[in-house]
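1 is the number of the first residue of the sequence shown in full-length UniProt numbering; add one for each residue after it.
Cβ atoms here follow ideal geometry from the backbone N, Cα and C, with glycine treated the same way.
These numbers were taken from a predicted model, which means no experiment stands behind them.
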Amino acid sequence: MAESGKRYIIQVEEGVAGSGEVPSKGPVYRSVFAENGFPPLPAGLSTCWDLFERSCKRAPRNNMLGVREIKDEKAGEYVWQSYEEVYNNVICIGAAMRHLGVNPKGRCGIYGTNCPEWFTAMEACNAHSIVCVPLYDTLGLKAVEFIANHAEIAIAFVQETKLPLMIQSLPNCTEYLKTVVSFGKVSDDQKSQAQGSGVSIYSWEEFLDLGRRNTIELAPPKKEDLSTIMYTSGTTGEPKGVMLTHENVLTTIAGLDQYLKSLNEVMDHNDVYFSFLPLAHIFDRVAEEMFVFVGGSIGFWQGDIKKVPEDIAALKPTLFIGVPRVFDRLTAGIQDRIAAAGGIKNWLFNFGYSNKLKWIKKGYKQDKASPLFDKLVFNKVRMGLGGRVRLVISGAAPLSGHVEEFLRVIMCAPVMQGYGLTESCAASFIQVPDVISMNGTVGPPLCNIDARLESVPELGYDALDTEKPRGEICIRGNTLFSGYYKRPDLTEEVLIDGWFHTGDIGEWQPDGAMKIIDRKKNIFKLSQGEYVAVENLENVYNESSSVDAIWVYGNSFESSLVAVAVPNQPTLEEWAKTNGVEGDYATLCTSPRAQEFVLSELTAMGKKKGVKGFEFIKGVHLDPQPFDVERDLATPTYKLKRPQLLKYYQKEIDEMYSKLKSKK
C-alpha cells in the first residue's frame, strides 16, 4: 500500500507576522527529499552543452532524435539519428552561424514545431554561447516582429511552412535580423523576397554545407551565461522575455534527478520521450534536456494533433508528458469508445473502474489496486500509449478533478500533476505517485527550491493561519530566472529579496502538498460590492463532469455571474439520449434544455463545494469548441486569455445578462 499520513515537507524557517502595509509571511518549507540540502549540479556538468557533449561521448551510437519515415504519404517506423550524427550536425550549424557573424552572446530565434532541426539549432547555440530565443509556432505576424526586434535576433531558424510569414515580417525586422535558415527547402521566389529586404536565406542542407566548409573552434558557455530568453505569451499585454541561465536549467535537472531516484524511478539511456509539446515552452525544453542528461532517445510527432495516437503507438515512449488539453481529449475519446461499445463491455469497464478506484482510495498503489481489471480492461489504454509508459505527468495548467481521477484509474502507470512557471524553469512542485490525498493538488516542492506563502489580506488569505495557511506562492532557489529582458520595472515587481512572487494563490495541505486555489490578479467586484476570486471558482466548477472547460465572467455593473462552458461531449450526449433531445453535439450546445442541464450540474457542484450565494453561476452559454489558441482565446499553454474571451463572447454575455434582467 502507498504511504498515508506522511508529511512531504520540512520547515526550514519560521513565519513572520506582518505590520501595516507589509504582509505576513508564512514559514519556509522544502521537500523531505532535500532534507540534507539541495542537490548539487551533476558532477562535472554546469551547462546544457556539457549535458549534450557528455552523452555524445558516452554512447555515440545510441538513438537520439527520431522522426517517422514517410512513404507514399504514409508514416512508417521511426528513423533515428545517433548522438554522434546529431553532434556532427550541431558542429556544422554552429560553424555556419559563427561564419556569418553570429558571435557568443548573440541571439538566435527558432520558429516552428518540434523536429530534429529545431533541437539541432538549439544545441548549436549551446556550443557557441549563443542565446536561444524560441518562438511558438502559433505566433502571428505582430508577435514574431515584436520578439525578433525586442530580443535583437540576428539569425532565425524557421519551419518550412512558416517561411511565408517570416518573410512577410522581414521589412520590419531587419535592424538586427540578417539571416534566415529553413528547416527544409527554400524556393527561388522566397530567396528573392528575402534578399529584397537585405536578408540572406538558406535551406537546411545549404547551411550544413556552409558549416562544413568553414570550421571554427567551439565557444562553450559558463553556467552563469544566458541559455535562453523565453517569451511568455501572457494573457494580456506584450510578451515578456524570461532570461534563464544554463545554471537554472541544470539546477532543475539535478532536482528532478534526485526526486526520481528518491522514488526508485531511475531514468537511463533506455528511456524514450515523445516530443510534441512546444519546445518553445520551458516545460518541454526541460523534459528534453533531462533526456539528453540520461542519454535517452527523443522521438518527434508529425506535427498533426490528430495523428498523435498513432505516433505514440509507433514510438512506444517510456515517459508521457502532456497538458490538460491533451488529457481532456484522451479522456473524452476513451469515454466515447466505452459508451459506443455498450452492453457487457460498458458494464465491465464501469465495474472495473469503480472497483479499482475504491482500492486506490484505500491507499493501494495503482498497480496493486486491481491487477485483474488492469489485465482485462485497462491494459488496452496502456497499449494505446505504446505499452511501455512508466510515468505520466501533467503540467502547464490544472487538471479537472474528474479527469485526474479518471487517469489515475485507467493509465496503468503513476499519474503526477506538477506546477511551475517559465520564471522558475518549469519544475517547482510535483505530486508524489500513488498518494491519493494529493488529488487536486500540485504536490510538495521539488527538492531544489524553498517555498512559502505570503498573506494577501485584502482577499482574506492568511499565510499564518494554523488550520488553512493560504496566500501567494513564493519560490526561492537557483532555478529562478535572472529577470525580464529589458524590463527591470517588471522584474522588481516579482523578484523581491530573492523570492519570486508567482501571483498564484496556494493552500498548504496537511501532507505538504500545495493546492492552487486562485490567481492574485484575477479578482473583480460585483455591483453589490462582493469580491469574486474567479480562478478559484473556475477550479470548483471544472470539477463537474458535465464540462471540460469553463470561463466565468462578472463585472462591477452586474450583481451575478455568467459563464461560457465547453460541455463534456459524452455526458451531454448521454443526457440527451435519456431525455429525448435530438441532435449532434454542436446542435445540443444550442439547446436551451441542454443549457439548463449544464447549469444545474454546475449549481450542484457549487453547493457541494460550499460556494457563496453571489458565486453561483446564473447563466451559461455552451460552446462545442475548446478555448483554443487559433481563436486567440488561450495561450499556447492553454491559460485563459480573459480580455480576448470577453471580446469574442461579448454578444453571448450581453444576451445572458439581458435574459437574467427580464426574469426579475
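Candidates the options: closest to residue i by CA position
i: Asp50; options: His128, Tyr111 and Ser24; result: His128
i: Pro220; options: Glu117, Phe157 and Phe52; result: Phe52
i: Ile93; options: Trp118, Lys25 and Gly112; result: Trp118
i: Ile617; options: Thr590, Gln625 and Val540; result: Val540
i: Leu480; options: Ile130, Val435, Leu495 and Gln569; result: Leu495
i: Phe373; options: Gly384, Leu385 and Asn350; result: Asn350
i: Val12; options: Ser455, Ala451, Ser82 and Glu467; result: Ala451
i: Ser31; options: Asp367, Gln159 and Pro444; result: Pro444
i: Leu385; options: Arg408, Tyr364 and Leu330; result: Leu330
i: Thr466; options: Asn448, Tyr136, Gln509 and Asp434; result: Gln509
i: Leu65; options: Leu315, Asn36, Tyr202 and Leu399; result: Leu315
Span separating the alpha-carbon of residue i from that of residue j
i: Ile393; j: Phe320; result: 6 Å
i: Ser658; j: Tyr553; result: 14 Å
i: Phe296; j: Gln302; result: The identity of residue 296 in the sequence shown is Gly, whereas the question assumes Phe. So the alpha carbons of these two residues sit roughly 20 Å apart.
i: Thr235; j: Asn542; result: Note that Thr235 scores a pLDDT of 47, beneath 50, so its modelled location is shaky; the value from the coordinates is reported in the next line. So the two alpha carbons sit approximately 20 Å from each other.
i: Ala463; j: Ile10; result: 16 Å
i: Gly649; j: Lys261; result: Per the sequence presented here, residue 649 reads as Tyr, with Gly not at that position. Taking the straight line from one Cα to the other gives about 48 Å.
i: Gly606; j: Asn536; result: 12 Å
i: Phe283; j: Asn579; result: 43 Å
i: His150; j: Asp504; result: 27 Å
i: Leu226; j: Val266; result: 29 Å
i: His621; j: Lys362; result: 39 Å
i: Val598; j: Asn379; result: 33 Å
i: Ile430; j: Leu100; result: 43 Å
i: Ser559; j: Ala397; result: 29 Å
i: Glu458; j: Asn264; result: 44 Å
i: His246; j: Cys425; result: 11 Å
i: Val442; j: Pro39; result: 21 Å
i: Lys345; j: Pro309; result: 22 Å
i: residue 669; j: Val415; result: Past the edges of the chain, shown from 1 to 664, lies residue 669, and the structure says nothing about it.
i: Leu163; j: Gly299; result: 24 Å
i: Val564; j: Lys608; result: 21 Å
i: Ser182; j: Cys48; result: 24 Å
i: Tyr488; j: Ser482; result: The sequence as given places Pro at residue 488; Tyr does not occur at that position. Going by the C-alpha atoms only, they are around 10 Å apart.
i: Ile216; j: Ser169; result: 31 Å
i: Gln595; j: Leu633; result: 21 Å
i: Arg61; j: His269; result: 11 Å
i: Leu446; j: Ala156; result: 35 Å
i: Met1; j: Ile517; result: In this prediction, Met1 has a pLDDT of 42, which is less than 50 and means its spatial position is unreliable; what the coordinates show is noted afterwards. Each residue's alpha carbon lies about 29 Å from the other.
Close-in-space but distant-in-sequence residues of the same chain around residue i (CB under 7 Å, 5 per side omitted)
i: Thr232; result: Pro239, Lys240, Val242 and Thr422
i: Val381; result: Ile334, Ile410, Met411 and Cys412
i: Gly619; result: Val562, Met656, Lys659 and Leu660
i: Glu14; result: Pro27
i: Tyr461; result: Ser455, Arg470, Gly471 and Ile505
i: Cys173; result: Glu145, Ala148 and Asn149
For residue i, three-class secondary structure by DSSP
i: Leu599; result: helix
i: Thr113; result: coil
i: Ser182; result: strand
i: Lys25; result: strand
i: Phe557; result: coil
i: Asp271; result: coil
i: Phe481; result: coil
i: Ile338; result: helix
i: Ser227; result: strand
i: Glu454; result: strand
i: Cys474; result: strand
Span of the alpha helix (DSSP H) around residue i
i: Trp551; result: No alpha helix (DSSP H) holds Trp551; the beta strand (DSSP E) holding it covers Val547 to Tyr553.
i: Asp284; result: Ile282 to Val294
i: His150; result: Leu141 to His150
i: Trp49; result: Cys48 to Arg58
i: Tyr83; result: Tyr83 to His99
i: Val442; result: No alpha helix (DSSP H) contains Val442, which DSSP labels as neither H nor E.
i: Thr251; result: His246 to Ser262
Neighbourhood of residue i by C-beta distance below 6 Å, restricted to the same chain and skipping five residues each side
i: Gly395; result: Phe283 and Gly418
i: Arg325; result: Tyr638
i: Lys663; result: none
i: Asn126; result: Cys48 and Trp49
i: Phe293; result: Leu51 and Ile253
Sequence-distant residues of its chain with Cβ nearer than 8 Å to residue i (five each side left out)
i: Ile523; result: Leu459, Tyr531, Val532, Ala533 and Val534
Endpoints, the beta strand (DSSP E) within which residue i is located
i: Cys589; result: Here Cys589 belongs to no beta strand (DSSP E), and DSSP marks it neither H nor E.
i: Glu543; result: Counting along the chain, Glu543 falls outside any beta strand (DSSP E), and DSSP gives it neither H nor E.
i: Trp508; result: Trp499 to Trp508
i: Met383; result: First-last for Met383: Asn379 to Gly384, but that is the alpha helix (DSSP H), not the beta strand (DSSP E).
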